[in-house]
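Participant: Counting with my numbering, you get residues 70 to 359 for the letters of the sequence shown.
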Amino acid sequence: MTTTPAFEIKNPVDGSMGFRMVHFEDNSPFKDLQRVGHFSIIWLYEGEGLLKADFTEYTISKGTMLFFAPGHPFMITGEHVKGVMLNFHHDFFCVIKHHKEVACDGILFNNISQTPLVNIPDNEAPTIRMLISQVENELQVAGLAQHDLLISYLKILLINVTRIKVSQDVVKPAPTEQTVESEALQQFKAYIDKYFREKHSAGEYADLLNMTVKNLGRIVRDYYGRTPTDMITERIIVEAKRELYLTSKPIKEIAYDLGFKDEYHFSRYFKNAINTPPQAYRNSLKKAWS
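Below, the structure is given as structure tokens:
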């Protein structure tokens with residue numbers, strides 16, 4: 070693998086990756102199928118190649134920027150591919166929470182029916198390059214309020230690229246069996262966002278989609294390499310983390326808001342998902358990133 074050493078911030082709760090930048094000089098980091106557990110932004114400085122994602126192959130070249138949500142499968146082949154990759158975890162920057170500010174959820178991330186790439190025009194590239202340089206400098210310096218400053222740079226980057234993508238025409242391919250399945254996946258994710266507070270089982274979502282649990286499980290597993298229950302749980306946990314970090318609501322109230330019958334069941338559900346009780350998560354994250 071040909072990469073420069075990564076600049077990385079750890080999640081203070083469990084020591085996992087919170088935010089990372091790495092430069093790459095070939096496609097070796099992406100030559101095998103990727104299903105990473107964090108958001109990824111990849112910008113090609115040089116070269117050309119082929120991206121395989123969303124049941125489709127895309128030609129990529131200098132200036133292409135790629136966006137992948139957690140679990141989004143992809144791989145890149147090509148020669149002389151060089152660029153930079155940014156990775157961030159939900160705990161570091163929640164795309165769902167900041168949707169109203171940056172409007173990128175469903176445009177850059179979490180939209181199976183659209184292409185996961187944006188071609189950055191030459192006249193916009195200096196602005197994007199400057200923002201990435203500012204992120205890199207802040208990762209190296211680690212000064213006062215580093216987390217807040219990195220979030221600000223990331224927001225500006227996402228806003229700029231969202232505007233670029235919205236302005237670009239996207240031609241959708243003719244419907245095929247695979248695109249029909251991708252639309253079902255998109256609808257499944259939309260239903261999760263709408264009903265995660267009240268519907269916690271795969272069967273409830275299969276009913277909404279007028280399909281069997283087995284068929285829903287198959288298409289989710291084929292695309293994401295996960296189960297529908299995994300995805301439902303992830304959405305509930307993302308919202309729980311947001312409430313624990315950003316509000317002072319009692320855990321009992323959070324549990325009720327998320328559809329749990331009592332605090333005990335919610336706490337057990339949360340701990341099973343991330344191996345940390347809700348109160349411990351709230352205390353450690355606020356202390357580390359305050």
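Using N, Cα and C, we set each Cβ at its ideal position, and we do this for glycine too.
1. Would you call the region 146 to 155 in contact with the region 107 to 127, where contact means no fewer than 3 C-beta pairs closer than 8 angstroms?
2. Since residue 133 contacts residue 192 with CB under 8 angstroms, what's their CB separation in whole angstroms?
3. For residue 134, which residues does DSSP report across the bridge?
4. Mind checking whether residue 302 and residue 275 have CB atoms under 7 angstroms apart?
5. Measuring alpha carbon to alpha carbon, tell me which of 177, 102, 116 ends up nearest residue 144.
6. How is the beta strand (DSSP E) around residue 105 delimited, first residue to last?
7. Just tell me which of 177, 200, 328 has its CA closest to the CA of residue 90.
8. CB-CB under 7 angstroms to residue 121, same chain, minus the five flanking residues each way: which ones, in chain order?
9. Need the endpoints of the alpha helix (DSSP H) that residue 364 sits in, please.
10. Evaluate residue 204 with the Cβ neighbour count: other Cβ atoms within 10 Å of its Cβ, from every protein chain shown; 16 or more gives buried, anything less gives exposed.
11. Are the Cβ atoms of residue 130 and residue 115 separated by less than 7 angstroms?
12. Going by Cα to Cα distance, which pick from 161, 126, 184, 150 is closest to residue 92?
13. Express the C-alpha separation of residue 128 and residue 304 in angstroms, rounding to a whole number.
14. Three-state secondary structure (DSSP) at residue 89?
15. Note down, in chain order, each residue of its chain lying with its Cβ closer than 8 angstroms to the Cβ of residue 196, except the 5 sequence neighbours on either side.
16. Between the region 286 to 293 and the region 249 to 264, do at least 3 Cβ pairs fall closer than 8 angstroms?
17. By a C-beta neighbour count over all protein chains shown, 10 Å radius and 16 as the cutoff for buried, is residue 242 buried or exposed?
18. Counting along the chain, where does the beta strand (DSSP E) carrying residue 148 start and finish?
19. Taking the continuous beta strand (DSSP E) assigned at residue 79, which residues delimit it?
20. For a minimum of 4 consecutive residues, which ranges assigned as the alpha helix (DSSP H) are wholly contained in the region 269 to 322?
21. Return the CA-CA distance between residue 272 and residue 281, expressed in angstroms with no decimal places.
22. Applying the 10 Å Cβ sphere with the 16-neighbour rule, what's the burial state of residue 214?
23. Helix, strand or coil: how does DSSP classify residue 94 here?
24. Under the three-state reduction of DSSP, which class applies to residue 117: helix, strand or coil?
25. Kindly indicate which residue of 161, 125, 178 has the alpha-carbon position closest to the one of residue 139.
26. Return helix, strand or coil for residue 214, following the three-state DSSP convention.
27. Is residue 88 closer than 7 angstroms to residue 161 when the C-beta atoms are compared?
Facilitator: The short version:
1. These segments touch.
2. Residue numbering aside, residue 133 sits at position 64 when the sequence shown is read from its first letter. Residue numbering aside, residue 192 sits at position 123 when the sequence shown is read from its first letter. With 8 angstroms as the limit, residue 133 and residue 192 do not qualify as a contact, their Cβ atoms being about 16 angstroms apart.
3. Counting from one through the sequence shown, the residue named residue 134 turns up at place 65. Under DSSP, residue 134 shares a beta bridge with 112, 187.
4. Start at 1 with the first residue of the sequence shown, and residue 302 comes out as number 233. Start at 1 with the first residue of the sequence shown, and residue 275 comes out as number 206. Cβ atoms of residue 302 and residue 275: not closer than 7 angstroms.
5. Numbered from its first residue, the sequence shown carries residue 144 at position 75. Nearest option by C-alpha distance: 102.
6. As a working mapping, residue 105 is identified with position 36 in the sequence shown. From DSSP, residue 105 is part of no beta strand (DSSP E); its letter is neither H nor E.
7. To locate residue 90, count along the sequence shown from 1; it is residue 21. The residue with the shortest Cα to Cα distance from residue 90 is 200.
8. By 1-based counting over the sequence shown, the position of residue 121 is 52. The beta carbon of residue 121 lies closer than 7 angstroms to those of 143, 144 in the same chain, with the five residues before and after it left out.
9. This structure gives no information on residue 364, because the portion of the chain shown stretches from 70 to 359.
10. Here residue 204 refers to the residue found at position 135 when the sequence shown is read from its first residue. Buried, because 16 or more other Cβ atoms sit within 10 Å of the Cβ of residue 204.
11. The count along the sequence shown starts at 1 and reaches residue 130 at position 61. The count along the sequence shown starts at 1 and reaches residue 115 at position 46. Using a Cβ distance threshold of 7 angstroms, residue 130 and residue 115 do not count as a contacting pair.
12. Position 23 of the sequence shown, counted from the start, is the residue given in the question as residue 92. Between residue 92 and the set 161, 126, 184, 150, the nearest pair of CA atoms involves 150.
13. Residue numbering aside, residue 304 sits at position 235 when the sequence shown is read from its first letter. Residue numbering aside, residue 128 sits at position 59 when the sequence shown is read from its first letter. Computed Cα separation, rounded: 32 angstroms.
14. Taking the sequence shown and counting its residues from 1, one reaches residue 89 at position 20. Of the three classes helix, strand and coil, the one that applies to residue 89 here is strand, per DSSP.
15. Here residue 196 refers to the residue found at position 127 when the sequence shown is read from its first residue. Once the five neighbours on either side are set aside, the close Cβ partners of residue 196 are 229.
16. Because the criterion of three Cβ pairs below 8 angstroms is met, the region 286 to 293 and the region 249 to 264 touch.
17. Numbered from 1 along the sequence shown, position 173 holds the residue referred to as residue 242. Interpretation of residue 242 is limited by its pLDDT of 46, a score under 50 that renders its predicted location unreliable; the figure taken from the coordinates is listed afterwards. Exposed: under 16 other Cβ atoms inside 10 Å.
18. What you label residue 148 is simply residue 79 of the sequence shown in a count that begins at 1. That run of the beta strand (DSSP E) goes 143 to 157.
19. Your numbering for residue 79 matches position 10 in the sequence shown. It spans 76 to 79 - the beta strand (DSSP E) in which residue 79 sits, taken as one unbroken run.
20. Within the region 269 to 322, the complete alpha helix (DSSP H) segments at least 4 residues long are 271 to 277, 282 to 293, 297 to 315, listed from N- to C-terminus.
21. Looking up residue 272 in the sequence shown gives position 203. Looking up residue 281 in the sequence shown gives position 212. Near 8 angstroms, if we compare the C-alpha coordinates of residue 281 and residue 272.
22. Here residue 214 is taken as the residue at index 145 of the sequence shown, counted from 1. By the 16-neighbour rule on beta-carbons within 10 angstroms, residue 214 is exposed.
23. Mapped onto the sequence shown, residue 94 falls at position 25. Of the three classes helix, strand and coil, the one that applies to residue 94 here is coil, per DSSP.
24. Stepping through the sequence shown from its first residue, residue 117 is reached at position 48. Strand at residue 117.
25. One-based indexing of the sequence shown puts residue 139 at position 70. Sorting 161, 125, 178 by C-alpha distance to the C-alpha of residue 139 places 178 at the top.
26. Along the sequence shown, read from residue 1 onward, the residue named residue 214 stands at position 145. In the structure shown, the three-state DSSP call for residue 214 is coil.
27. Within the sequence shown, numbered from 1, the residue matching residue 161 stands at position 92. Within the sequence shown, numbered from 1, the residue matching residue 88 stands at position 19. Inclusion of residue 161 and residue 88 in the CB contact set at 7 angstroms is warranted, their separation being smaller than that value.
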